[in-house]
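Residue numbers (the working numbering), protein chains in the order written: chain E, 1 to 132; chain P, 1 to 132. Quick reminder that beta carbons are idealized off the backbone N, C-alpha and C, glycines included.
There are 2 protein chains.
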Amino acid sequence: MKGIRFERQLLHKLWDNGFAAVRSPASGGAISYPMPDIIAGNGKRFIAIEVKMRKSLPLYLTQQEIKDLVMFSNLFGAEPFVGIKIPRSDWRFVKISQLKMTKKGYKVDDEVYNLSLDFDELIGKSIQKRLE
Amino acid sequence: MKGIRFERQLLHKLWDNGFAAVRSPASGGAISYPMPDIIAGNGKRFIAIEVKMRKSLPLYLTQQEIKDLVMFSNLFGAEPFVGIKIPRSDWRFVKISQLKMTKKGYKVDDEVYNLSLDFDELIGKSIQKRLE
């Protein structure tokens, strides 16, 4: 339940920052399609986020999870991100190209985490700030 | 339950035709945002559909329903449609500009229904056919 609360907070933050955002239903029914946890758009950018809540790093992801996220995003026309919430830290967003490969899938270690985007960078706000 | 079955069929049809599509959860939680029933994208076009199943016409829609659909679609960057399923008929899709105003909201009568798009027209398939 705590996870859902954080996911809703992220949804609110997207709406507050000019994005229309929806949470995918946990289950797509009998036949399920690869759906990310959150899809958001602001008329210019479309973002698909696979949400992960973890107590600590590294965060491990299966090949299938990333395959599904990339497949959905490519078809839909969205940029794929892995959104990570660690206790007492703000949300961070990792691009697929930033993930490190493991034998069985992918991982986000401290190095990847430190290179990831914060919320403002995700929505392109910080770039705007720099240009002003 | 029958309604959900038809909504899933529409979702399958979108996927079968090159669209990544998601169903919005029925309830957005404590704080709810205006979310359409289905959001679909194929990298070029983004479609938001408010789904309605009725035994017969006319179909009445409240001002709030249409306001929410248009508001979401404008922010997200999608084309808004009202998707209508009537027993023993295929899905039809009505543009907002095609809706008729009533005192309390909007309606889809036989005239509007006959002018509405079929599935192929919705996804732009029939235009392609004509050009081939």
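In the structure shown, residue 77 of chain E falls within a coil segment according to DSSP collapsed to helix, strand and coil. For residue 119 of chain P, there is no enclosing beta strand (DSSP E); the enclosing alpha helix (DSSP H) has its first and last residue at 119–122. Residue P:118 holds the alpha-carbon nearest to the alpha-carbon of residue 89 of chain P among P:118, P:48, P:45 and P:126.
Contact annotation for residue 24 of chain P against chain E: 22, 23, 24 and 25 [CB-CB distance below 9 Å, chain order].
Inclusion of residue 10 of chain P and residue 91 of chain P in the CB contact set at 8 Å is warranted, their separation being smaller than that value. Residue 76 of chain E is a Cβ neighbour of residue 20 of chain P, given a cutoff of 8 Å.
Membership of residue 61 of chain P in the beta strand (DSSP E) is indicated by the continuous run 59–62. Proximity to residue 123 of chain P across P:36, P:39, P:62 and P:45 peaks at P:45, based on C-alpha coordinates. The beta carbon of residue 41 of chain P falls within 8 Å of a beta carbon belonging to chain E, placing the residue at that interface.
Beta-bridge partners assigned by DSSP to residue 88 of chain P: none are found.
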